[in-house]
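Remarks on the structure that follows.
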Amino acid sequence: MNIFKQLLSLGVLVLLSACSDTDDPFERIQKLRAIGVAPTPIALAPQPGATFTLTVYAAVPLGSLVTAESSLDDASRYALSVPVSLVPGSESYTEHSTFRLFQARFVMAVPPLEIPSDRGFLALRYAILLRSGDEEEKIVGNTTLYPQGSPALGWQPPTASIATPLDGNIENKQKIELKANFSTQIEGENLRMSWFVTSGNLRNRRAKETIWEKAGSGPQSVILTVRGLKSGALAPPQILDLNL
Amino acid sequence: MYSKNPWYLWLGLSLSALFNLTFLGTAVQAAPKSVGENPVTIKVRVKGQGDGLSRVEVKVGGQKLFTDPQGELKVTLPKEGNLEFYRRGYDPLVVSVKDLMGGDSKEVFLFPATPSGDEIVVTGVRRPEVSRKKIAVEEAVKVAPGGDPAQVPKLLPGVQSNNFSPEVVVRGSGPQESRYKVDDWAVPYIFHSIGNISIIPDQLLGDVEFSSGGFGPQDGNATGGVISLKTKNGVPERNQTEFRVNIPIYSSIYHERAVSEGKGKLAVSARRSYIEKILPTILKKVNEERGMNLTVVPYFGDAHLYYEKPRDDGTVKILGLYSYDGLRLAFPTASAENEDGQGRFSIKDSVYLLGFQYTKNLGDNWSISTSPYVSDVDRKLDILSNRIYVGATSLALQGEATKRFSGKKRLFIGSEIIHYWGRADVFVPRPDFNDPFFDFEEAPKVKSKVTQSIDEIAAWTAYDFDVGPWFFSPGVRVNHSTRIKRSDVDPRLNGRYQINEDNQLKMAVGQYSNVPEFAEVAKDFGNQNLNFIKSYHYILGVETQWKPSWVTDFQAFYKETKNLVRSDPVTNYANKGERINFGAEAFIRRNLTARLFGWLSYTYSQNRERDNDQETYRNSQYDQTHILNLVGNYKLNAVWEAGGRLAYHTGDTFTPVDGAVYNANLDKYQQRNDPKTRFFSKRLPNYHQMSVYSTRDFLYDTWKLGLRFGIEFLAFSPQATNVQYNYDYSKEQYNTNVPPIPYIELRGVL
């Protein structure tokens with residue numbers, strides 16, 4: 081149980097790490113960045129012909145192009161790796177103030193499988209590779225199979241919206257308050273939210289309410305994603321374009 | 130005396146002004162009223178204690194008189210002139226007759242003298258075990274990190290330590306592979322997690338014994354080393370109370386007194402941290418400056434009750450100990466599960482111990498020592514939505530009988546029976562230590578609630594004997610554990626060859642066993658068919674006494690450990706890991722004299738490990754190739770001391786991250802490494818640090834105020850303490866944010 085002593089030391093390391101500066105925070109979009117993957121449906125029963133559709137979201141700087149292709153992830157010990165295939169012509173871009181949102185759809189054909197009785201579900205691993213210029217982003221994730229009759233087969237994705245700011249009328253542009261609204265109907269589902277911004281820093285990109293500091297002037301954008309940790313579902317990304 | 134060194138005088142006066150104290154010279158109480166020939170009783174006392182001082186030579190006119198055992202002297206004062214006071218170990222004092230007039234009795238205080246050069250106070254005791262080192266608390270309390278004697282093994286050969294972990298690694302064996310004891314009572318750990326202090330206050334300690342390997346059969350369930358904190362024996366001559374204020378970590382109170390009509394000793398102490406009160410204020414400023422929401426609340430405390438009664442034919446000791454450590458941590462994290470985006474940790478670790486020790490001479494050169502104890506360890510850990518609550522109550526019955534024969538011949542026969550009532554309530558991801566980047570958010574969780582009773586039984590014998598210049602101590606230990614339902618036998622041998630009066634050749638060879646941890650044999654997530662972890666120690670060394678004040682000790686060691694517990698995809702755990710540690714150590718020691726002591730310790734070691742016998746050996750987790758510690762303390766005069774430590778070691782190993790993938794379910798990046806990349810294949814930069822300190826005693830008539838101040842973590846350049854990555858692991862950088870940390874500690878001794 082040396083782990084206890086190690087974790088106590090963790091407190092000191094967290095303190096030290098917190099004191100280190102980084103000019104490359106998680107929340108800032110300055111290069112090819114995966115935003116999320118929305119599976120449809122959220123869960124399936126194993127049956128012949130069953131397929132998941134995976135919608136991939138990524139952000140890239142204006143003018144950049146993205147190529148998407150299927151990949152494999154054999155590193156996971158907790159899910160069965162299953163290949164996916166790109167839906168031809170499904171790639172598209174949505175232009176925003178300082179970036180473009182890339183979307184593409186992939187299909188995962190569910191092979192004949194049995195669900196282990198001890199866990200009650202089976203996780204299938206997908207892997208997708210995005211490229212933009214010299215940059216590369218490998219995206220992995222799980223979809224899940226549940227037995228026939230499971231309530232999971234009726235799960236719906238969470239909903240999410242940006243509550244604050246509502247428009248570009250922001251008084252204090254050095255400290256911009258961000259608030260999210262979200263909901264889910266899945267019992268026992270913990271939602272994980274993620275904020276992305278195109279400049280500056282966020283105090284806490286996982287918080288429902290946070291502060292956006294040192295945002296740049298001119299056109300800027302905020303992205304909110306909300307996903308279910310139990311279901312793996314993703315609410316469509318919410319994007320707010322601002323002129324600061 | 131003080132005017133000889135202007136720097137000293139300046140500093141002394143500055144501190145005197147700072148604390149509004151007078152410390153120059155000696156005090157004589159009461160002002161004179163008249164001059165004349167008067168009888169008076171003079172009480173000569175020790176400055177800073179108030180104790181009477183016997184056999185003080187007092188020159189009155191042409192007479193030479195001496196104080197009685199209580200430090201008193203009845204004398205008829207002349208009409209004028211001076212009285213002179215002399216005693217070895219104290220500054221001479223001249224007092225005018227005028228200052229002694231005006232009453233029936235007067236008190237005179239003698240100031241402790243500046244020590245004289247090279248008088249040896251304590252030297253290391255040669256012990257049969259070749260790698261055992263004994264450091265007197267007088268030394269350890271001055272130079273050890275935090276002024277805590279229990280930390281002193283970190284400065285000895287064969288020991289690796291890390292700045293932010295209180296644990297020690299002994300000749301490449303992890304902290305859990307060593308044994309920790311207070312006298313003969315086993316404790317799960319001896320260090321508090323913060324504050325650089327052990328769970329036993331230094332005032333209770335007499336010695337710290339440390340064996341880095343090759344120890345005798347009396348110690349089991351350890352394949353690394355043994356750290357033994359020895360309580361201070363003897364009945365105090367005077368009652369004493371000490372208050373200590375350490376800024377910014379903790380405060381303590383300690384009291385010891387003679388009891389049982391002066392034949393016994395009772396000591397009580399309590400310590401409590403207050404850094405948990407100070408840190409939030411500091412963090413509030415950091416949070417505001419950096420726009421963070423960070424909470425770090427470490428805390429600890431302990432309390433002790435100690436009783437000792439020496440008897441004509443033995444000793445009785447009782448120790449009650451309660452110690453706790455904890456940490457509450459909240460910070461923004463990618464793994465946050467709540468709307469506020471904060472991850473929360475809460476850890477609390479506590480241990481109770483009630484130990485009894487009874488030693489008795491039975492006659493016919495037989496003696497026995499029995500030291501039963503009851504202890505309870507409780508550990509509670511909440512991390513995000515996971516929990517680990519584990520604990521164990523144990524009852525140990527142990528004892529050893531010794532028969533002394535002629536010469537150095539001695540026979541030891543001992544046994545111990547420890548019964549554990551273990552308990553666990555866990556809801557955690559199933560660990561996979563084969564995966565260097567195990568992600569607890571993805572792993573399937575295990576829920577288990579178990580109670581378990583187990584016994585660990587051992588018996589041992591050893592026989593010391595000499596043949597001419599040779600000395601041998603063969604022994605054997607038999608172990609049985611119901612935790613793994615197995616028994617084994619560990620033979621061990623220590624030997625010495627007296628080359629000449631000053632040089633000894635020494636060697637040790639032995640087999641050592643360790644029982645796997647509770648979690649590794651747990652019903653739901655362990656493997657109940659595990660075996661003992663086995664280690665084989667081979668040590669060869671030479672010890673030289675150059676002069677009474679200088680000793681050197683050079684050793685070479687080879688250690689092979691098998692049956693290390695490693696994760697297994699089928700059985701959860703298996704005894705399939707192996708490790709090899711070998712190297713050489715040098716220990717050059719200037720023994721404690723009245724003015725100076727110190728040592729230089731150097732260790733060269735190679736530490737290699739593999740997770741199964743199909744692999745080739747790689748760096749182990751603990752592999753500091755070179756470790757150097759230079760330690761020194763100098764007593765400037767009776768009240769000032771100064772010292773410091775210089776530490777250098779090869780950078781710690783770590784497993785590099787070769788890349789990362791974005792996990793869309795969790796919205797975070799997960800590390801990946803190339804299968805060709807070996808665990809612990811990279812190193813942090815080599816590390817060095819210095820610590821300097823000074824102590825000053827302010828002596829009042831009947832009490833003393835001690836001041837210790839210093840700076841930790843001094844370095845010639847910023848030192849890397851750990852490696853950290855940016856969010857997608859595309860940038861690797863070292864954390865070099867530890868600044869020099871000043872501290873100050875006040876000790877009031879009444």
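For the record, the sequence lines run as chains X and U.
The number in the working numbering is simply the position in the first sequence, starting from 1, with 80 added.
The number in the working numbering is simply the position in the second sequence, starting from 1, with 129 added.
We put the beta carbon where it would ideally sit given N, CA and C, even for glycine.
Since the structure is predicted, the reported quantities are computational estimates derived from the model, not experimental observations.
- With respect to the 7 Å criterion, R801/U and G788/U are classified as neighbours on the basis of their beta carbons.
- Contact annotation for G655/U against chain X: no contact, minimum CB-CB distance about 13 Å [criterion: below 9 Å].
- For G234/X, the three-state secondary structure derived from DSSP is helix.
- Distances from the alpha-carbon of V445/U to those of D857/U, Y453/U, K394/U put K394/U closest.
- The way I'd put it, the region 193 to 211 of chain X doesn't touch the region 271 to 291 of chain X; fewer than three beta-carbon pairs between them come closer than 8 Å.
- With contact defined as three or more Cβ pairs closer than 8 Å, the region 832 to 841 of chain U and the region 870 to 877 of chain U are in contact.
- Closest by C-alpha distance to N167/U, out of G191/U, G179/U, E209/U, is E209/U.
- DSSP places N692/U within a strand segment (E or B) once states are collapsed to three.
- If one requires a minimum length of 3 residues, the beta strand (DSSP E) runs lying completely within the region 105 to 164 of chain X are 113 to 120, 131 to 141, 147 to 151, in chain order.
- The Cβ atoms of W599/U and Y641/U do not sit closer than 7 Å to each other.
- Residue pairing by DSSP places N490/U opposite S496/U in a beta bridge.
- Excluding five sequence positions before and after N281/X, the CB atoms of its chain that fall closer than 8 Å to its own CB belong to P105, E107, R108, W292, E293, K294, given in chain order.
- In the three-state DSSP reduction, I411/U falls in the helix class (H, G or I).
- In terms of beta-carbon proximity, S144/X stays away from the interface with chain U, with every pair separated by 7 Å or more.
- Taking a 10 Å sphere around the C-beta of R174/U, we find 16 or more other C-beta atoms and assign the residue as buried.
- One alpha carbon belongs to E289/X, the other to R615/U, and they sit about 57 Å apart.
- K283/U carries a helical assignment under DSSP once its states are collapsed to helix, strand and coil.
- Around the beta carbon of D348/U, a 10 Å sphere encloses 16 or more other beta carbons of the protein chains shown; the residue is thus reported as buried.
- For I219/X, the chain U residues whose C-beta falls within less than 9 Å of its own C-beta are V790, Y791, N792, A793, listed in chain order.
- Secondary structure at A387/U: strand, using DSSP grouped into helix, strand and coil.
- Contact between the region 338 to 346 of chain U and the region 261 to 268 of chain U is present, with at least three C-beta pairs closer than 8 Å.
- Exclusion of the five residues before and after A130/X leaves L124, V190 as the residues of its chain whose Cβ lies within less than 6 Å of its Cβ.
- Taking P286/U as the centre and dropping the five residues before and after it, the same chain places the C-beta of E714, F716, S730, T732 closer than 6 Å to its C-beta, in chain order.
- Residue environment: F845/U is assigned as exposed (fewer than 16 neighbouring CB atoms within 10 Å of its CB, all protein chains considered).
- Distance from the CA of D153/X to the CA of W235/X, rounded to the nearest whole angstrom, comes to 26 Å.
- Nearest in C-alpha terms to F320/U, of all of P346/U, A273/U, N467/U, D313/U, is A273/U.
- The DSSP assignment places no complete alpha helix (DSSP H) segment of no fewer than 4 residues inside the region 633 to 665 of chain U.
- Annotation for K532/U: no alpha helix (DSSP H) segment contains it, though the beta strand (DSSP E) segment containing it runs 515 to 533.
- The DSSP assignment places 172 to 175, 179 to 189, 202 to 212 as complete runs of the beta strand (DSSP E) inside the region 159 to 217 of chain X, in order along the chain (cut-off: 3 residues).
- Of all residues in the region 116 to 128 of chain X, only G116, V117 place a beta-carbon less than 7 Å from a beta-carbon of chain U.
- Burial check for S820/U: the Cβ neighbour count within 10 Å reaches 16 or more, so the residue is buried.
- The Cβ-Cβ distance between R719/U and F726/U falls below 7 Å.
- It is roughly 23 Å from the alpha-carbon of L194/U to the alpha-carbon of D830/U.
- Residue burial annotation: K271/U is buried, with at least 16 other C-beta atoms found within 10 angstroms of its C-beta.
- Per DSSP, the continuous beta strand (DSSP E) segment holding A432/U begins and ends at 424 to 440.
- If you check each beta-carbon in the region 853 to 864 of chain U against every beta-carbon of chain X, the ones closer than 9 Å belong to Q853, N855, Y856, D857, S859, K860, Q862, N864.
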